[in-house]
Amino acid sequence: MAQDSGTRTLISQAQLRRGRGRILYWTLLAVVVVVFTLVFLGPLYWMVTGALKSGQEIAQTPPSLFPKDPRPQNYVDAWNNLDLAKLLFNTFYYATGAVLFQLVFDAAAAYSLSKLRPIFGNLILGLMLATLMIPAMVLIVPQYVTVIDLPIVHINLLDSPFAIWLPLVANAFNIFLLKRFFDSIPEELMSAALMDGATPLRTLWSIILPMSRPILGVVAILAMTAVWKDFLWPKLVMPSPETRTVSVGIYAFAGGTPMNVVIAASVIAAIPTVIIFLIFQRNIMSGLTAGSVKG
Amino acid sequence: MAIIAVPGTDREPGRPAPPRPTGPARTSLGRKVRDNLTGHTFLIGAVACFAVFSWYPMIRGIVMSFQRTRRGETTWVGWDNYSRIIADPSFWPAWKNTLYFTVLALVLGYAVPFFVAILLNEFRHAKGYLRILVYLPVMLPPASALFLFKFYAYDPSEAGLFNSILKALHLPTSEWMQSPEMTIPAMVIASTWMNMGSAVLIYLAALQNIPGELYEAAELDGAGIWRRIVHVTIPQTRLILALLAMLQIVATMQLFIEPLILANGAGAEDSATSVAYLIYQHGFFQNDLNGAAALGVIMLVVLAGFSAVYARLTAKQD
Amino acid sequence: MSVPQYRKAAALALVAGLGLSLTACSTKSDDGDSTAGGKVTITVDCQPVGSQKELLQNWNDDVVEFQKQNTDIVVKSVSVGEQCNNPPDFTARLAGGTVTDVFYGYMTDLAQVLDSGQAMDITEFANKDNIPTWDSVDPALREVFSDGGKLYAVPVKNYSMGLVYNKVLFQQAGLDVNSPPKTWTEVRNAAKKISALGNGVAGYSEYSAGNTGGWHFTSLLYSQGGQVLTPDGKKADFNNAMGKQVLQNLKDMRYGDNSMGARQLLQWGDLLTNAGAGKVGMFIGAPDATQAIVSQFQGKFQDWAMAPLPGQDGPAKGTLGGGEGYFFKKGLTPEQVKAGMKWIAYQKLTPGKGQFDYVRAKPQNYPVGLPQPLLFAGGSEAQKQEFELRKANANVDTANFAIFEATPVPIKGEPRNAQAIYAVLDAAMSGVLTNPNSNIDALLKTAEGKVNQLLAAES
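Residue numbers (the UniProt record's numbering), protein chains in the order written: chain A, 1 to 295; chain B, 1 to 318; chain C, 1 to 459.
As structure tokens, this is what we get:
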């Protein structure tokens, strides 16, 4: 990022430009670049080429660096047999929905807790924050039983995207992040708007939210990642093959599919996210930065 | 619960609320009721979700742990589920494995990203490239990343990637997931590799907010690099460090997908079984949702106890 | 982005999201109503998935043909994945009540299905009127799906395990493909020779994870003449000389001879992947293991043959049999049950139709001539018909299975509460296969304690 090129960090710039410091700096940089490339890109190279190998070639000792007899068919099989298009669509669909639901409900709640401060607001915030300490695994069984038969309304949410979206709204961390950010917005802005006769909703839309874009971005990224990374919950609440996420789908197929095809599927599944990341890289990085500046 | 205040909120509860705008209109009762109503209207969506998917299941889990459902009929069984789950021979190994994983992941998965971030923050070149590299594994679906380790890296034969490298370097090879001593460390390595990207980025962001003058002042006082890290970097990022430590511990306690994929579940003689995996086994393989709920409650109690200790420790520091 | 635009975009996205989710919801809720317009509608699961192109086509053709013959019945097929009964998903469907009207399950699922309260007593409907071949169905199979004299499912598949071996590797190792090992000692010797071929080949391969280890332990124990549970089903019964022999054989091969390969903790697909790549000399399995090797794991049919399960000093004293059936969801109308029976009868229990349509299967990449599914009692009319058809249309060399078929081994079913017990026994299997210093006595003792405790909790 550009803004930090001039700032002073642990070691002063001047020290790194002079004689020994300079040599050390460049050596270290070279070592780190090589090591990081090997550690983080190496396995991915292994993945892309491994998926091109035949079953026999994978099992050979020592492993070959390049596939001798590349089998692009593995990729075609992976795409067709696992119905990856469907799996990817599902995952992005769930992720998008999760982002929307969290932005709408959590931002509204944080706004209320930060600026409107209704009676019992602190109690509610406390109850919400208490759930931060409860790992998902503790609740997995009762939550699952609840989703199967929602209390009062008796609706079964299995295989419905709401089974992923709604539980994610109950995210105390997001509400906490948003509330802290809203807290930092000067109260005077609020009262000025109220004096002008703006409704609380209007104030949220036209004053608070536009100022909070960085934190909204962070919440969106967190929501996306949560859906992308989650495994057991989607595995349980999306039992049909048509509703699975990528991660669950690949796992489900791994049991009955040759491993080179499984790896090929993994490569394909990673491509869209990598592309999205590379495109929005700057926004994501600055979003994370902005989020923690205030945090 | 005191623990709530821990993650970076230390200034929060004590801070006096900014004065509310006061005017003649605001004091009327009707107005107050209406304001509160508006406030709660904004809250309703999130509160409903919390109620249905978090607070209610919490209570339901405790209730379920004292019941047993057989042939569609539910009866109260007292502590039966607890005694059954504790008597399960996998119970103690599961706790041992989970705690071992948590501790090792704290050493490796927590410290490594921090030092990587400090290192990356010093570089003036190839910054973007290095950041993208570290973040790449985060973008793989977790199942994919783990299959990569399972099929290639941890192949116990000599055809395995890690074993080939070790052999080329004339180092002893390992059977990785098949060797009970290596199971947990191998899971920590895989887990760190695939998750550290986010932590590194968050640390980087935090590091960039440390005022440079602090380092300069420390340097003038004759502090070396290590002392500057200890006396400037760490205190300045304390908040975010505490928050991530907390989140990481809660996350690692839920160790599940690593044993499921890398070790096909239990691993060699229960060397990979985790508490979360045991919950899954009971709930969804052994037709024992009540036993699984009981284990969930036990996990909650353990975590609450841990949190209380943690909160006391951090409170003392302040 | 200026504020109004921001707002508009968000609103649009929200509307789009809600719209999509509504359509997604509406597609799934088409069960329930049973007799619309005088027609009986039933939902049936375990339709083959898209990747099994020919099987799916066959199934769909069968549905069309069946509906043509029974104009008052509508069959709605549901696919639940490539493995129709993946325990966690199956549990989810049972607990959530989202099973189809007629739903697939393993023989070992009966207890769980009954616990969930989802199964219907179909005793009065199981007769010749609804299933013409019902009287030919092996009574033992009907028994497995019965509880307290009441029938809960119609069996549609049945298998028993034998020794599957790779003929190519046998030849390379100088072994006679026509006289496969008959005892575990012979298996051990053959495995030694095969693994001597090097190149990562395992002479004998075995499971030890994902409940498959326990499943195979059971079969190996049966070959010794043992049993997993006492006859009353109340106690574990494998911590004895026979159980020890099973583990000792494996330990000797794994660490004494190093003839089982380096990769362990295998479960179903792992072993078959290796087998498909030509890296496995022998393993125990049902005849359809060869089918999976070919259709899913890139192997070749002609490489594989099958022999009866070996015993310790002579022929095996028993082998594991298992199978599948269709349950009926509680609350169906009698018409729906009858319709479901008729569909199962047509697709699963009629020689020459559905799964027995060998004329159709012959040119497809699915084997005809395998000695299964063994649904009909020996000597019954249907059994003879099916056998003739199978012989006439075989597309695999039946000689490969001749020894297996000519030397029947007594078949034993799976123990009560099988999946939970298998999970326990996995640990014993992984113990001997991954730890050179494993203590067999201790492993069995631990497993015994665990199983006893499990059984005590059940009652």
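Ideal Cβ positions, reconstructed from N, Cα and C, are used throughout, including at glycine.
Does any residue of chain A bring its CB to less than 8 Å from the CB of B/Ala25? Confidence in B/Ala25 is poor, its pLDDT being 49 and thus under 50, which makes the residue's placement too unreliable to answer from.
How about C/Asp426: is its C-beta nearer than 8 Å to some C-beta of chain B? yes
Pull up the distance between the alpha-carbon of C/Leu247 and that of B/Phe66, whole angstroms please. 39 Å
Which residues share a DSSP beta bridge with C/Val280? C/Ala202
Stretch-stretch touch, CB-based, cutoff 8 Å, three pairs: the region 155-164 of chain C with the region 309-321 of chain C: yes
Short check: CB of A/Leu44 to CB of A/Ala265, under 8 Å? no
Any idea which residues DSSP pairs A/Arg213 with across the strands? Among the bridge pairs identified by DSSP, A/Arg213 is matched with none.
With a cut-off of 8 Å on the beta carbons, I'd call B/Leu43 and A/Ser114 a contact; round off their distance for me. Going by Cβ atoms, the distance from B/Leu43 to A/Ser114 rounds to 11 Å, so no, they are not a contact pair.
What residues in the region 44-60 of chain B have a beta carbon less than 9 Å from any beta carbon of chain A? Ile44, Gly45, Ala46, Val47, Ala48, Cys49, Phe50, Ala51, Val52, Phe53, Ser54, Trp55, Tyr56, Pro57, Met58, Ile59 and Arg60
So which residues on chain B does A/Ala223 lean against when the C-beta distance must stay under 7 Å? Simply none; closest approach about 13 Å.
Return yes when the Cβ of A/Gly256 is within less than 8 Å of the Cβ of C/Gly269, no when it is not. yes
What separation, rounded to the nearest whole angstrom, lies between the Cα atoms of C/Ala456 and C/Pro48? 38 Å
Uninterrupted alpha helix (DSSP H) stretches inside the region 36-67 of chain C (no shorter than 4 residues): Taking only runs of at least 4 residues, no alpha helix (DSSP H) segment lies wholly in the region 36-67 of chain C.
Rounding to the nearest angstrom, what Cα-Cα distance links B/Ser307 and A/Leu129 in this structure? 13 Å
Any idea if C/Thr133 is buried or exposed, counting beta-carbon neighbours within 10 angstroms, 16 or more meaning buried? buried
Do you know whose CA, among B/Ala242, B/Ala205, B/Gly197 and B/Ser54, lies nearest B/Leu313's CA? B/Ala242
Hey, C/Gln453 and C/Thr108 are a contact pair by Cβ (cut 8 Å); roughly how many whole angstroms apart? C/Gln453 to C/Thr108, Cβ: 19 Å. No contact.
For chain A, is any of its Cβ atoms less than 8 Å away from the one on B/Met253? yes
Beta-ladder partner(s) of C/Pro310, from DSSP: C/Pro315
For the candidate residues C/Ser430, C/Gln83 and C/Ala399, whose alpha-carbon lies nearest to that of C/Asp303? C/Ala399
How is the beta strand (DSSP E) around C/Gly105 delimited, first residue to last? Val102 to Tyr106
Reduced DSSP category for C/Tyr152 - H, G, I as helix; E, B as strand; rest coil: C/Tyr152: coil per DSSP, three-state reduction.
Per DSSP, the bridge partner or partners of B/Gln67: B/Trp76
What are the boundary residues of the beta strand (DSSP E) that B/Leu99 is part of? Taken as a continuous stretch (DSSP letters only), B/Leu99 belongs to no beta strand (DSSP E), being part of the alpha helix (DSSP H) at Phe91 to Ala105.
Is there at least one Cβ from chain B nearer than 8 Å to C/Thr91's Cβ? yes
Give me the Cα-Cα distance between C/Ser21 and C/Pro436, rounded to the nearest whole angstrom. Low per-residue confidence applies at C/Ser21: pLDDT is 40, beneath 50, and the placement is therefore not dependable, though the value from the model is reported in the following sentence. Approximately 55 Å, taken between the alpha carbons.
Quick one, which of B/Asp221, B/Gly197, B/Trp176 and B/Asn290 has its alpha-carbon nearest A/Ile284's? B/Gly197
At 8 Å on the CB atoms, spell out the chain C contacts of B/Pro156, in chain order. Ala262, Arg263 and Gln264
Work out the CA separation of C/Asp45 and C/Ser136 for me, nearest whole Å. 25 Å
So, helix, strand or coil for B/Thr252, using DSSP? helix
With a cut-off of 8 Å, does the C-beta of B/Ala153 fall near any C-beta of chain C? no
As assigned by DSSP and simplified to three states, the class of residue 524 of chain C: Because chain C here runs from 1 to 459, residue 524 of chain C falls outside it and cannot be looked at.
List in chain order: all unbroken alpha helix (DSSP H) runs of 4+ residues lying wholly within the region 352-424 of chain C. 358-361, 381-393 and 399-406
Name the DSSP bridge partner or partners of A/Tyr25? Partner(s): none; A/Tyr25 has no beta bridge.
Check whether the region 234-254 of chain C and the region 185-195 of chain C touch, using three or more Cβ-Cβ pairs below 8 Å as the test. yes
Per DSSP, cross-strand counterpart(s) of C/Asp147: C/Asp147 is bridged to C/Lys150.
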